[in-house]
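Structure, as structure tokens:
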Amino acid sequence: MQKKTSCLEKKGEEICEVKKCLLESALYVIFNKKEPCNYHYSIGGDSFCGCPVRKEIFKKYKI
1 MQKKTSCLEK KGEEICEVKK CLLESALYVI FNKKEPCNYH YSIGGDSFCG
51 CPVRKEIFKK YKI
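In the numbering used here, the protein residues as written are 1 to 63.
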């Protein structure tokens, strides 16, 4: 089964906005909710991204 990676499949057009990088293990994001993503998870109403590729995009380009 292939994982859904909405921001990468849409070539960055629908990418979730990063609010903060947390301990190199997750990104605190504003989830776009337009496409399903297996790397998105919620804790207490906040959205997080665990995608390793999305984290590298954020680290390199700050987006």
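We put the beta carbon where it would ideally sit given N, CA and C, even for glycine.
Our contact map puts Val-29 next to Cys-16 with C-beta atoms below 8 Å; I'd like the distance itself, whole angstroms only.
For this step, residue 29 is matched to residue 29 along the sequence shown. For this step, residue 16 is matched to residue 16 along the sequence shown. The Cβ separation is near 4 Å, so the contact holds.
Pick helix, strand or coil for Ile-57, following the three-state DSSP scheme.
Counted from its first residue, the sequence shown places residue 57 at position 57. Ile-57 falls in the helix class under three-state DSSP.
Alpha carbon to alpha carbon, how far is Cys-51 from Asn-38?
Translated into the one-based positions of the sequence shown, residue 51 becomes position 51. Translated into the one-based positions of the sequence shown, residue 38 becomes position 38. Approximately 9 Å between the Cα atoms of the pair.
If you count every other CB in all the chains shown that lies within 10 Å of the CB of Leu-23, and 16 or more means buried, which is it?
As a first step, residue 23 is located in the sequence shown; it is residue number 23 there, counting from the start. With fewer than 16 other Cβ atoms within 10 Å, it is exposed.
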